[in-house]
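Written out below as structure tokens is the structure these notes cover.
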Amino acid sequence: MLLLDLVYCLVLLLLSPWLFCRAIRTGRYRRDLAAKLVGRVAVANPEHKPIAWFHAVSVGEVNLLGTLVPAFRMRHPDWLVAVSSTTETGLVEARKRFADCSVMAWPLDFSWAVNNALRKVNPALIVLTESEMWPNFLEAAKRRGVPVVVVNARMSPRSYRRLRWFAAARRLLFNKVARFAVQEEEYTQRFLKLGVARGKLFTTGSVKYDGACGDRGSAKTRALAVLLARHLPAVPADKQSPEAGRSPLILLAGSTHAPEESIVLGVFTRLRLRFPHLRLIIVPRHPDRFEEVARLIEQSSLPFVRRSRIEEPLDKMPAVVLLDSVGELGAAWGLADIGFTGGSLDGHRGGQSMIEPAGYGVPCVFGPHIWNFKDAAKRIVEVGGAIMIDGASALEAALARLIGDQDSRESMGAAARRLIRSQQGATQRTLDVLDQVIGDVRLSRRAA
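So for the sequence shown, the numbering used here puts the first residue at 9; every next one is plus one.
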């Protein structure tokens, strides 16, 4: 642990000028600094109940816990739940979603910080989402006898290739995890090849299927529809073109990364010449890029509005809406007729989730780089619920096809929705895995 601390300190020292400049420019890294650096956290537990500590890296994983945590609390009403997140946006969303739980910042992986945090929280169970494993934290949990479970676990091709060559890193991480509740069998096979014992691995499916809302009549979606003037006002008959009097058809580009915003804006500008009733809602994946994307839209000369600056409902929906808010993407999918899921064109991100729009029956287009959601993407495409394109050059044609063919949009949306419904149930299977671990803890305590 001392060696890791030295490595972390060196990395932090090397990055400190960049971190300082970014903190000044964006305001990031300032909040919850004591919690991150020294593990200064607090969990109220006057009745000394067992505590389950759930951790989510950012907003996407917090949304996943929005399904799992309530189900855990229903099954274990005698337990308390603490929730942590790494990013500031994740913490904001967690504090909204879990207002009656202790919510705290995840400590940096310094031995003193993780030991402090574990001592203050004193959990009986730790639940990590997807792939967030840090060696000092896992070692400290093991020494305290606290079992760690990784839920919705995944192993991307990139991570697999890296870990294949580092046996020491695998031992530091995998040997200290009690169970892995894995999203799909392909990931399970990769864990096996990396040396994880079969008895630790359970293919439970993705909890994200269970979290797919699909209710276009939800209060959040209705409120956003009113705010954005989802329906255009009537146009005088003598001024109508064949397209102009229609209700707007909404294309939502969700969880985008650079350079996808530029690509989407260029495609949208050309499509608007053919389909004047088309509107675009664009949602960058990272809040610190909101300003950058706003400048891109300004340069396009398209009429647009920023969600953060709307105080009263709009009279008319502009060509482009920049959804520069946190936690509203789910509600916005309920407004969409067609979708593009980001992180799928540049070859670096591995794609963002297409499960949520599919749950709403939104036919989506995405690029070929979707290894983070390979199984979900494959299934949705196979049932005819989405279109995977080879690259950015094919985006315009795919979207034009969907815009011009309402029957195709509706049949694809229905197929996507049916698939999501058929895949649900991972939450209960994941809880069964957690119950195994809880049972093991109780047996060991009785034996002691």
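Backbone N, C-alpha and C define an ideal beta-carbon position, used for all residues, glycine too.
Three-state secondary structure (DSSP) of V49: By one-based count along the sequence shown, residue 49 stands at place 41. If DSSP states are grouped into helix, strand and coil, V49 belongs with coil.
Please confirm if the stretch 110-129 is in contact with the stretch 77-85, defined as three or more CB-CB distances below 8 Å between the two stretches. no
T94 - DSSP class collapsed to helix/strand/coil: Against the sequence shown, residue 94 aligns to sequence position 86. T94 falls in the coil class under three-state DSSP.
Does the beta-carbon of G375 have 16 or more other beta-carbons within 10 angstroms, so that it is buried, or is it exposed? As a working mapping, residue 375 is identified with position 367 in the sequence shown. When all chains shown are included, G375 counts as buried.
Per DSSP, V65 forms a beta bridge with which residues? Within the sequence shown, the letter at position 57 stands for residue 65. Partner(s): none; V65 has no beta bridge.
Would you kindly report the start and end of the unbroken alpha helix (DSSP H) that includes S430? If you number the sequence shown from 1, residue 430 lands on position 422. 414-431 is the extent of the alpha helix (DSSP H) around S430.
For G347, the three-state DSSP class (helix, strand or coil): Here the question's residue 347 lines up with position 339 in the sequence shown. Strand, per DSSP.
For V370, collect the residues of the same chain with a Cβ closer than 8 Å to its Cβ; drop the 5 residues on either side in sequence, then sort them by chain order. On the sequence shown, residue 370 is found 362 positions in, with the first residue counted as 1. Correct list, in chain order: L260, W341, A344, D345, I346, G347, G421, A424.
How would you write the range of the beta strand (DSSP E) that V135 sits in, first residue to last? Translated into the one-based positions of the sequence shown, residue 135 becomes position 127. Counting along the chain, the beta strand (DSSP E) containing V135 begins and ends at 133-137.
Using CA atoms only, rank isn't needed, just tell me which of A64, N144, H56 is closest to D13. Taking the sequence shown and counting its residues from 1, one reaches residue 13 at position 5. When each option's Cα is compared against that of D13, the closest is N144.
Measuring only the C-alpha atoms, how far is A384 from G399? As a position in the sequence shown, residue 384 is number 376, starting the count at 1. As a position in the sequence shown, residue 399 is number 391, starting the count at 1. Distance between the alpha carbons of A384 and G399: 19 Å.
Quick check on this structure: which residue in R314, H294, F188 has the alpha carbon closest to the alpha carbon of L330? Your numbering for residue 330 matches position 322 in the sequence shown. Checking every option, the nearest Cα to that of L330 belongs to R314.
Kindly indicate which residue of H356, A177, L200, T94 has the alpha-carbon position closest to the one of V70. Taking the sequence shown and counting its residues from 1, one reaches residue 70 at position 62. Per the Cα distances, T94.
Do V135 and L442 count as a contact pair if the criterion is CB distance below 8 Å? As a first step, residue 442 is located in the sequence shown; it is residue number 434 there, counting from the start. As a first step, residue 135 is located in the sequence shown; it is residue number 127 there, counting from the start. Yes.
Which residues does DSSP pair with I290 in a beta bridge? For the purposes of this step, residue 290 is identified with residue 282 of the sequence shown, where counting begins at 1. Answer is A261, L330, bridged to I290.
Exposure of K44, with buried meaning 16 or more beta-carbon neighbours within 10 Å: Position 36 of the sequence shown, counted from the start, is the residue given in the question as residue 44. When all chains shown are included, K44 counts as buried.
Excluding the 5 residues preceding and the 5 following V129 in the sequence, name in chain order all residues of the same chain whose CB lies nearer than 7 Å to its CB. By one-based count along the sequence shown, residue 129 stands at place 121. Excluding residues within five positions, the ones whose Cβ falls inside 7 Å are V49, V51, I59, W61, A90.
Have a look at A220 and T196 and give me their C-alpha separation to the nearest angstrom. One-based indexing of the sequence shown puts residue 220 at position 212. One-based indexing of the sequence shown puts residue 196 at position 188. A220 and T196: Cα-Cα distance of roughly 23 Å.
Between which two residues does the alpha helix (DSSP H) containing L235 stretch? Mapped onto the sequence shown, residue 235 falls at position 227. It spans 227-235 - the alpha helix (DSSP H) in which L235 sits, taken as one unbroken run.
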